[in-house]
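**Q** Residue numbers (my numbering): 85 to 426.
Ideal Cβ positions, reconstructed from N, Cα and C, are used throughout, including at glycine.
This one's a predicted model, so the numbers in the text were calculated from it and none came from an experiment.
(1) With burial defined as no fewer than 16 other Cβ atoms inside 10 Å of the residue's Cβ, what is the status of residue 265: buried or exposed?
(2) Based on DSSP bridge pairs, tell me the residues matched to residue 280.
(3) Counting pairs of Cβ atoms below 8 Å between the segment 247–257 and the segment 178–190, do you hit three or more?
(4) With H, G and I counted as helix, E and B as strand and the rest as coil, what does DSSP make of residue 381?
(5) Residue range of the alpha helix (DSSP H) that residue 189 falls in?
(6) Across the segment 329–345 and the segment 273–287, are there enough close Cβ pairs to call them in contact, namely three or more that are closer than 8 Å?
(7) Does the beta-carbon distance from residue 257 to residue 200 come in below 8 Å?
(8) For the alpha helix (DSSP H) containing residue 152, name the first residue and the last one.
(9) Tell me whether residue 232 is buried or exposed, calling it buried when 16 or more other Cβ atoms sit within 10 Å of its Cβ.
(10) Measuring straight from C-alpha to C-alpha, what distance separates residue 254 and residue 349?
(11) For the alpha helix (DSSP H) holding residue 226, just list the boundary residues, first then last.
(12) Using DSSP with H/G/I as helix, E/B as strand and the rest coil, what is residue 322?
(13) Could you check whether residue 146 and residue 223 sit closer than 8 Å to each other, using their CB atoms as the reference points?
(14) Work out the CA separation of residue 296 and residue 162 for me, nearest whole Å.
(15) What is the rounded straight-line gap between the Cα of residue 139 and the Cα of residue 216?
(16) Give a yes or no on contact between the segment 342–357 and the segment 300–318, applying the rule of three or more CB pairs nearer than 8 Å.
(17) Return the residue from the list 272, 391, 194 and 144 that minimises the CA-CA distance to residue 298.
(18) Report the start-end ranges of each beta strand (DSSP E) in the segment 341–390 that is 3 residues or longer and not cut off at the edges.
(19) For residue 219, count the other beta carbons within 10 Å of its own beta carbon; 16 or more makes it buried, fewer makes it exposed. Which is it?
(20) Taking only the alpha-carbon atoms, compute the straight-line gap between residue 313 and residue 340 and give it to the nearest angstrom.
(21) Is DSSP giving residue 249 helix, strand or coil here?
(22) Would you kindly work out how many angstroms separate the C-alpha atoms of residue 338 and residue 287, rounded to a whole number?
(23) Quick one: grab the DSSP three-state call for residue 418.
(24) Using a Cβ-Cβ cutoff of less than 6 Å, which residues in the same chain neighbour residue 421 once the five nearest sequence positions on both sides are dropped?
(25) Roughly how many whole angstroms lie between the Cα atoms of residue 388 and residue 179?
(26) Is residue 337 helix, strand or coil by DSSP?
(27) Spatial neighbours of residue 271 within its chain, please: C-beta separation below 6 Å, excluding the five flanking residues on both sides.
Structure representation (structure tokens):
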């Protein structure tokens with residue numbers, strides 16, 4: 085087709101909506117890395133001490149907290165690596181750059197939480213059936229120290245840019261750990277005051293529930309992005325109807341909305357306008373509307389006059405339902421003015 089007006093002709097000037105390399109909250113990426121590194125140092129140091137005390141006290145709750153802290157440390161390392169990769173400019177075959185490195189990191193965090201939860205659940209049930217002697221005093225003191233360390237680490241990470249799914253993944257890990265330590269402290273107190281040693285295993289099962297909840301959330305969110313789903317807060321049909329409701333647009337098809345990385349939605353579509361419409365003006369108006377109403381700044385709109393699309397293919401009316409035969413394999417629903425054909 086010769087009469088196409090592509091949004092990446094680079095003639096938009098200030099209208100052109102591809103300027104999204106910056107940080108969502110205006111946070112400096114170097115500051116983010118610094119906060120994450122401080123949290124990593126806090127967690128790594130405490131984790132080593134906790135493993136030793138957990139073995140001495142024979143407390144699964146402490147050992148499970150330490151294992152959880154190990155995944156915290158891994159999640160922060162992954163977030164730091166992902167930040168560095170995502171900051172690299174696009175080149176070669178990676179036309180979006182390596183922005184999805186952070187989504188891989190979030191998925192790895194979610195999976196490690198789920199796998200660790202399985203192992204801890206098995207161990208906790210085994211200890212409920214055959215409980216070992218647990219040193220309640222050691223457990224209580226260590227858990228209280230763990231609460232302090234995790235509050236510090238969570239505060240550090242909350243200072244970083246949490247709109248990044250990788251940073252959010254690390255934050256979820258540490259927040260879970262904080263709740264886990266509170267549960268462990270309660271268990272240590274119960275063992276110390278009543279001698280009910282199963283409290284240790286019960287605290288571990290509470291941790292397992294928290295880990296499954298956080299892990300599932302991260303896997304689901306990262307999975308949606310990898311499967312090119314539209315952002316959860318956007319309904320593509322509603323967006324299509326909104327676009328076709330903008331005169332002189334008569335039809336919108338091949339509408340795709342997906343997420344490149346956390347907080348960066350992208351949209352592409354083929355838009356047909358009435359013969360008297362100005363393709364360039366329509367494209368600019370639609371881009372402004374998508375940015376203002378939906379926050380979508382990365383748009384690629386192919387805008388044609390309605391007869392151009394028909395003439396250029398030359399098979400008008402051959403397809404059932406009289407659809408404009410733009411491509412052999414139409415992707416998704418067709419939005420038309422008037423009664424919409426979805």
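**A** Per the coordinate set shown:
(1) Result: buried.
(2) According to DSSP, which records beta bridges pairwise, residue 280 is partnered with nothing at all.
(3) yes
(4) coil
(5) 185–213
(6) At 8 Å Cβ cutoff, the stretches do not touch.
(7) no
(8) Per DSSP, the continuous alpha helix (DSSP H) segment holding residue 152 begins and ends at 144–170.
(9) exposed
(10) A straight-line Cα-Cα distance of about 22 Å links residue 254 and residue 349.
(11) 220–242
(12) helix
(13) yes
(14) 20 Å
(15) 12 Å
(16) yes
(17) 194
(18) 348–357 and 382–389
(19) Buried, since its Cβ has 16 or more Cβ neighbours within 10 Å.
(20) 9 Å
(21) helix
(22) 52 Å
(23) Reduced to three states, the DSSP call for residue 418 is coil.
(24) Leaving aside the five residues that flank residue 421 on each side, the residues in its chain whose CB is nearer than 6 Å to its CB run, in chain order, 328 and 334.
(25) 26 Å
(26) strand
(27) Counting only residues of its own chain and dropping the five nearest sequence neighbours on each side, residue 271 has a CB closer than 6 Å to the CB of 145, 283, 284 and 287.
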